Amino acid sequence: MRWLKLLLAVALALECASVRAENGSAGWLRYAPLANAQPYQSLPAAVVPLDRSPEVQGAARELTLGLSKMLGHPVLEGDSFSTMPEFVIGTVTEMEHRFPQWKPSAQLRPEGYTVATVHDGGHIYWVIAGADVRGALYGTFHLLQQVAEEKDPASFLTVSSPAEQVRWVDQWDNLDGSIERGYAGPSIFFANGHVRTDLTRAGAYARLLASVGINGCAVNNVNADVRMLTPEMIPQLARIAAAFRPWGVRLAISVDLSSPQAIGGLDTYDPKSQKVIAWWDKKVDAIYAQIPDFAGFVVKADSEGQPGPSKYGRTPADAANMLARALKPHGGVLLYRAFVYNHHLNWRDPKADRGRAAYDIFHPLDDKFDDNVIIQIKYGPIDFQVREPASPLFAGLRHTNEAIELEITQEYTGQQRQLVYLVPLWKHILDFDMRAGGKYTPVKQIVEGRSFNRPLGGFAGVANVGLDANWLGHPLAMANLYGFGRLAWNPNLMASTIAEDWTRLTFGNDPHVVSTIDAMLLPSWHIYEEYTGPLGLGTLTNILGSHYGPDPQSAEHNGWGQWIRAEHNGVGMDRTVATGTGYIGQYPPEVAQRYESLETCPDDLLLFMHHVPYTHRLHSGPTVIQYIYNVHYAGAQGAANYVAEWKSLKGRIDEPRYEHVLRLLTYQAAEAIVWRDAVNDWFHAQSGIADAQGRVGFHPNRIEAESMHLDGYVTVTATPWETASGGKAVACVGRMECSATTTLTRPAGIYTIGVQYFDYRQGVSIYTLLLNDKMVATWKADNTLPGNSISGDTSTRFTLSPVELRPGDVLKVVGRPNGGEPAPVDYVEITPAPSSSR
Ligand code: GCW
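Right under this line is the structure:
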């Protein structure tokens, strides 16, 4: 017995230590044992579900599981006749029946909940009552999260209703299991043209989504596969719907408008054709026969090569209404994406402007859409750039339902290899006051349906989680998925509140951990903007390929319309009404006036709205060109600081997640330097204006590989040139091994040696660093970066510190190519080691 007690104590102590190894699969639902469970000992130790719905049954299971784990004593399911204190979960109606003297303290909207205490028969019951069964589930998760954050039990008592009705995530999963713009492994839903047999992860995903109030998920790519609607697929989709159902997440799918022709054997897909209409009606009936709670369709049409109504001279309203009418009798909704534009624009035409497209196409159709159609609008007029203004279409539709589309997957914001907490960006857009009709009309209230009195509205977030254990690849990226759900429920929450909640749930309540991680999350959007594309330029990434590394030139001279119009004298898109594309005129007058004038246009959108000389002075003081240089240095420094900040957490969080994040942040710090130098060098070349602080193009600590003594290595040019230091690098082609050697001249001292090299997606080259013929380091180029060439997509750094160096020391980099990767090297950088590392 003594032994047993001892064992138990040891097990509990191990369990209590916040440093248990974790792989991130639990997300923010870890239910880690509380450091001090004392304040919660008075909570009931039994849970009673009042109905048999899967949602309420699931809620009861979740509560018993979560509380048992956190409080360290068993919490069990009770029975409804017990007179012991209990948690009671159900709908308001059921609760009023059980406790006739009780009423919710405020009116709940659908899916809302209240958590309250009821005194009955001398006992205190904790009531979790939903407006409906989903509400009861959301209330349960709310309570669990309050406990996990060690909040005062008095704060558990609340009344809460969702602001938005449609709170969906979209997944861009393909039937072959790949995910468009997914950065965390293959699809959790599909493989080899079918729905996966094992849908465990789909259920686990729905649980995470439910815990932040998400109520729908469109599971396949908006570039939809016509096979989604084949008779064989529908029962497979029904299995996903079944995995979602206990968590109140309704299944939706994206559809291809040409399906009646592509798989239906019709000779047309004209939305006005009677046979096409009949085809869709029948198809929708067939879906509902197997998936009675099916949520609806998402449609991408006439966009980036997708078929659409324009083929028959029909409008988006014709197509949307046709589908909406098929869905309507079953209670389904139709989300039609406003991301419709011509990607063959004429770059030479100064009036051409992709930014105008959504408004130009959809504004004239306002009041033509049925009431179960929702227009799904990307937050900005271009495409999820690091900064854009709020889309003018939000104020351009006043008789049409609207949803905002946000991108949780970090397509243009570092692809989950870099830390970018996107909630502040989303908040910035949601809080933006469009001044429609001269009134306070922030985007958040428009999509809520409040501003223009619409029956429906909401949020759609492109999430793209994958089979990676931790869902999104970067452990810190989960703050974005979490934050999306929280904002869709309540867009008035502050970014800092969301960050703190997420951090506590994900890494525990140690105040140093919480304050450190929050201090990293909160400025990270701005830092990323600084070292990529400031002043409204957009991300300045390679828009023709990976959307990852720097490549400002790729924006120009093509039909995609992400132009920045940088030339020798100036930069920026002139979108004014007076002299430009007229885009600014799409905003309500007060906003338009602010953007139109250089006097009032905010600096952070200046180059989105205006073309100005590089010497134009910003409101904040510096010239445009000097600002570009400055913030690239500031941003890269900001990214470098993350590493030190994170290191202060060693031992305070579990080792696997600590190490994983550290690796990513170390990589990010180096990638920020690649961005800094590429963008600055490119603007330097364009403008011919020197950096007033003498930094750009001047790197006294660098030794370029091409200037070293080369054995086997040959000099090659990077594409684009600015992504290698000095435009050049060396590659080992046709040899087993190559080397680059240099004799150092730096004064004796303690240094950090950085070797900048290129790590292709393919191949695992091996590098060795020798000092005076003695090996000091060796590493493998085994990262999976998005490219197979010498560019900013693949540039990366190996760092060794501290190293003692003397003048005359001989430093040699040896590269062994592998699998088509020629062990390329850009430069070696030797900087004094920080005193802390010595
Ligand atoms: O941002 C672009 C992406 C495409 C995507 C498209 C869209 C699914 O690069 O991959 O296609 O937007 O939103 O439809």
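In our numbering, the protein residues as written are 429 to 1266.
By construction, the Cβ of each residue, glycine as well, lies at the ideal position given by its N, Cα and C atoms.
Note that the coordinates shown come from a computational prediction; the quantities given were computed from them, not determined experimentally.
**Q.** Residues near R1174 in its chain [Cβ-Cβ closer than 7 Å; skip 5 each side]
**A.** L1233, P1235, I1258
Q) Under the three-state reduction of DSSP, which class applies to L895: helix, strand or coil? A) coil
(Q) With a threshold of 6 Å on Cβ separation, who are the neighbours of K1208 within its own chain once the five nearest residues in sequence on each side are excluded? (A) V1192, I1194
Q: Kindly provide the ranges of any alpha helix (DSSP H) runs that are 4 or more residues long and lie completely inside the region 834–894, ordered along the chain.
A: 851–858, 871–875
Q) Which stretch, first to last residue, makes up the beta strand (DSSP E) that contains H459? A) A small correction: the amino acid at residue 459 is Tyr; His does not occupy that position in the sequence shown. Unbroken run through Y459: none, as it is neither H nor E.
Q) Hey, would you say the C-beta of V650 is under 7 Å away from at least one heavy atom of the ligand GCW? A) yes
**Q.** Integer Cβ distance of H1039 from G1116, believed to fall under 8 Å
**A.** With 8 Å as the limit, H1039 and G1116 do not qualify as a contact, their Cβ atoms being about 18 Å apart.
Q) Are the region 883–893 and the region 592–611 in contact at 8 Å, needing three or more beta carbon pairs? A) yes
(Q) To the nearest angstrom, how far is the alpha carbon of G1140 from that of R1130? (A) 21 Å
Q | Presumed contact (8 Å Cβ cut-off) between A652 and V677, rounded CB distance | A | So it is not a contact: roughly 20 Å between Cβ atoms.
Q.
Looking only at its chain, what residues have a beta carbon closer than 6 Å to the beta carbon of S446, apart from the 5 residues adjacent to it on each side?
A. Note that S446 scores 46 on pLDDT, short of 50, meaning its location in the model is unreliable; the coordinates nonetheless yield the value given after this. The answer, listed in chain order, is G936.
Q) Of all the beta strand (DSSP E) runs that stay within the bounds of the region 620–653, which reach a length of 3 or more residues? A) 644–648
Q. Expressed to the nearest angstrom, what Euclidean distance is found between the alpha-carbon atoms of P1262 and N898?
A. 33 Å
**Q.** beta strand (DSSP E) segment containing K806, residue limits
**A.** 801–806
Q. Looking at C-alpha atoms only, which residue of R776, Q804, N800, A582 is the closest neighbour of Y764?
A. Q804
Q) What are the start and end residues of the alpha helix (DSSP H) that includes M1037? A) 1034–1037
(Q) Quick check on the burial criterion: 16 or more other C-beta atoms within 10 angstroms. Buried or exposed for T1151? (A) buried
Q. Any contact of the region 521–529 with the region 548–566, i.e. 3+ C-beta pairs under 8 Å?
A. yes
Q) Nearest to S819 by CA position, among T969, G783, P1128, G644, is which residue? A) G783
Q | Close-in-space but distant-in-sequence residues of the same chain around P614 (CB under 8 Å, 5 per side omitted) | A | G605, S606, I607, G894, L895
Q.
So the candidates are K779, P792, A907; which of them puts its Cα closest to the Cα of A766?
A. P792
Q) Can you list the alpha helix (DSSP H) stretches of 4 or more residues lying completely in the region 1147–1229, in chain order? A) none
Q. So what's V1319 in DSSP terms, helix, strand or just coil?
A. Any property of residue 1319 remains undetermined from this structure, which presents the chain solely from 429 to 1266.
(Q) Tell me which residues share the same chain as A612 and place their Cβ nearer than 7 Å to its Cβ, disregarding the 5 neighbours each side in the sequence. (A) Q844, V893, G894, D896, W899, L900, G901
Q.
Under 8 Å: do the region 815–831 and the region 1030–1037 share three or more Cβ pairs, one atom per stretch?
A. yes
Q. Does the separation of the CB atoms of Y976 and P1214 fall below 8 Å?
A. yes
Q.
Less than 7 Å separating the Cβ of W392 from some heavy atom of the ligand GCW?
A. This structure leaves residue 392 out entirely; the chain is present only between 429 and 1266.
Q.
Rounding to the nearest angstrom, what Cα-Cα distance links L972 and P1250 in this structure?
A. 24 Å
Q | DSSP state of F797 mapped onto helix, strand, coil | A | coil
Q: Can you give me the Cβ contacts of S682 inside the same chain, cut-off strictly under 6 Å, excluding the 5 residues immediately before and after it?
A: A646, N648, V650, A652, V726
Q | Inter-residue CB distance, E1099 and Q846 (contact presumed, cutoff 8 Å) | A | 7 Å
Q. Between which two residues does the alpha helix (DSSP H) containing T521 stretch?
A. 520–526
Q. Between R993 and E984, what straight-line distance do the alpha-carbon atoms span, to the nearest angstrom?
A. 7 Å
Q: Identify the continuous beta strand (DSSP E) that holds S682 and give its terminal residues.
A: 678–683
Q | DSSP bridge partner residues for W554 (one or two, in chain order) | A | F515, T545
Q. In terms of alpha-carbon separation, which member of H771, L762, F822 lies closest to Y787?
A. F822
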